[in-house]
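**Student:** Heads up, the final residue of the sequence shown is numbered 318 in this note's numbering, and it's a clean run with no missing numbers. No residue lacks a Cβ here, since even glycine has one placed at the ideal position from N, Cα and C. Could you have a look at this structure, given as structure tokens, before my questions?
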Amino acid sequence: MNYIVFDLEWNQCPYGKNREVKTLPFEIIEIGAIKLNKDREYVDRFHKIIKPVVYPKLHFRTKEIVHLDQDALEKGALFPDALREFLSWAGPESQFCTWGTIDLVELQRNMKYYGLLSLLKGPLHYNDVQKLFAVSYEDMRSRRSLEYGIDFLKLEKDLDFHRALSDAWYTAEIFQKIDMDVVLAYDSIDVYQNPKTKKEEIHAVYNGYSKFISREFNTKEEAMADREVLATHCCLCGKSARKKLRWFSVNSKNYYCIAICPVHGYIKGKARMKRTDEGKVYVVKTIKVSSEMEAEEIRGKKDELREKRRKKRHEMT
Numbered sequence: 002m003n004y005i006v007f008d009l010e011w012n013q014c015p016y017g018k019n020r021e022v023k024t025l026p027f028e029i030i031e032i033g034a035i036k037l038n039k040d041r042e043y044v045d046r047f048h049k050i051i052k053p054v055v056y057p058k059l060h061f062r063t064k065e066i067v068h069l070d071q072d073a074l075e076k077g078a079l080f081p082d083a084l085r086e087f088l089s090w091a092g093p094e095s096q097f098c099t100w101g102t103i104d105l106v107e108l109q110r111n112m113k114y115y116g117l118l119s120l121l122k123g124p125l126h127y128n129d130v131q132k133l134f135a136v137s138y139e140d141m142r143s144r145r146s147l148e149y150g151i152d153f154l155k156l157e158k159d160l161d162f163h164r165a166l167s168d169a170w171y172t173a174e175i176f177q178k179i180d181m182d183v184v185l186a187y188d189s190i191d192v193y194q195n196p197k198t199k200k201e202e203i204h205a206v207y208n209g210y211s212k213f214i215s216r217e218f219n220t221k222e223e224a225m226a227d228r229e230v231l232a233t234h235c236c237l238c239g240k241s242a243r244k245k246l247r248w249f250s251v252n253s254k255n256y257y258c259i260a261i262c263p264v265h266g267y268i269k270g271k272a273r274m275k276r277t278d279e280g281k282v283y284v285v286k287t288i289k290v291s292s293e294m295e296a297e298e299i300r301g302k303k304d305e306l307r308e309k310r311r312k313k314r315h316e317m318t
């Protein structure tokens, strides 16, 4: 197995969002990648400049950040050709690595636009090096810039940032510094190609939390009536945990609950509603070990919500 550490640069509609192609808000104009072997040793590199077709003119922000001129882009490869070459170079037994979650989404979105999504079957397990850096050196929630990571590890900055190949190189350098136990314990799952059926649903257990990714539903109400979505199993032992606070929503996207495992005590649940390009709904549910204080904070959210609703009803009478 090889690791493919890649980075993308993209353009967007230079005339504003009201004139963008809704199915392709960002058009890839550069692919850069570093191939590492299973021991994370350097093997090869890949670089392609891609001719923009959907948005031929560069957005002013792209010009400022990426430093690619129009002439270079005009001589670039067409995306379908560049993509096939990239996937062939990467090979079938590879795991993608990126800085953050966005590049893999935009790669698949561009593939879908050109009818090529079948070349990369998802959901995809990959390594989010930005997350791995946070787990290794800070706290799990922080998300730092690539340049911050390079500075933190005191690595040499001899390449320009915001070019695909140099950013891929920097990401690979940071990835090589991460302890392998962390890499194996905190893999990520990209769900741009989300589960469609019950059989495809994903259950993953990590250090201190678990994740469930549901199949598609027609509505949020249908999703929150599903037995597996509602279930609360301890992320440490897998035992069914008794709910102390049933699932409730503070907005249209996030639901929360509190439960107690007979062995490990308080656990907290969060269910996030995700919408597909086709308007369907699926759920990403995380279950984490919790303290009594955290449980009370979540209970406070529900009490605050109940009070707001009471006041609103009172104002309407």
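Would LEU169 and GLY33 qualify as a contact pair, given that the criterion is a beta-carbon distance under 8 angstroms?
**Tutor:** The sequence shown places Ala at residue 169, not Leu. Going by C-beta atoms, ALA169 is nearer than 8 angstroms to GLY33.
**Student:** Is the CB-CB distance between ARG145 and PHE134 below 8 angstroms?
**Tutor:** Closer than 8 angstroms, so yes.
**Student:** Going by alpha carbons, who is nearest to LYS132 out of ARG142, SER250 and HIS68?
**Tutor:** Nearest of ARG142, SER250 and HIS68 to LYS132, Cα basis: ARG142.
**Student:** Touching or not, the segment 7–15 and the segment 32–48, by the rule of three or more beta carbon pairs under 8 angstroms?
**Tutor:** Taking 8 angstroms as the limit for Cβ pairs, the verdict is that the segment 32–48 does touch the segment 7–15.
**Student:** Are the beta-carbon atoms of PHE80 and ILE151 separated by less than 8 angstroms?
**Tutor:** No.
**Student:** Opposite THR277 in the DSSP bridges: which residues?
**Tutor:** Answer is none; THR277 lacks a bridge partner.
**Student:** In the structure shown, what three-state DSSP assignment does GLN13 receive?
**Tutor:** It is a strand residue.
**Student:** How about THR198 and TRP100: are their beta carbons less than 8 angstroms apart?
**Tutor:** Result no, Cβ atoms of THR198 and TRP100 do not sit closer than 8 angstroms.
**Student:** Would DSSP call TYR149 helix, strand or coil?
**Tutor:** Residue state, collapsed to three classes: helix.
**Student:** Return the CA-CA distance between LYS23 and SER241, expressed in angstroms with no decimal places.
**Tutor:** When rounded, the distance between both Cα atoms is 43 angstroms.
**Student:** Going by beta-carbon coordinates alone, are TYR43 and ASN12 separated by less than 8 angstroms?
**Tutor:** Against a cut-off of 8 angstroms, the Cβ pair of ASN12 and TYR43 comes out as no contact.
**Student:** Considering just the uninterrupted stretch of the beta strand (DSSP E) at GLU31, what are its terminal residues?
**Tutor:** Residues 27–37.
**Student:** Less than 8 angstroms between the CB atoms is what I'm expecting for VAL206 and LYS286, so what's the real figure, rounded?
**Tutor:** Not really, about 13 angstroms apart at Cβ, beyond 8 angstroms.
**Student:** Can you name the start and end residues of the beta strand (DSSP E) that LEU160 belongs to?
**Tutor:** Segment: none, LEU160 is in no beta strand (DSSP E) and carries neither H nor E.
**Student:** According to the neighbour-count rule (16 or more other Cβ atoms, all chains shown, within 10 Å of its Cβ), is PRO53 buried or exposed?
**Tutor:** PRO53 is buried by the Cβ-count criterion.
**Student:** Which whole-angstrom value describes the C-beta separation of TYR283 and ASN219, a residue pair presumed to lie in contact below a C-beta threshold of 8 angstroms?
**Tutor:** Not quite, the Cβ-Cβ distance comes to about 11 angstroms (not below 8 angstroms), so this is no contact.
**Student:** Terminal residues of the continuous beta strand (DSSP E) containing ALA226?
**Tutor:** Looking at the DSSP string, ALA226 is not in any beta strand (DSSP E), and its letter there is neither H nor E.
**Student:** Assess, as a yes-or-no matter, whether the segment 80–90 is touched by the segment 57–71 under the definition of 3 or more beta carbon pairs within less than 8 angstroms.
**Tutor:** No, the segment 57–71 is not in contact with the segment 80–90.
**Student:** For LYS312 and ALA232, I'd like the C-alpha separation in whole angstroms.
**Tutor:** Their Cα atoms are separated by approximately 32 angstroms.
**Student:** Please list the segments of the alpha helix (DSSP H) lying wholly inside the segment 284–318, counting only runs of 4 or more residues, in order along the chain.
**Tutor:** Counting only runs of 4 or more, we get 293–317.
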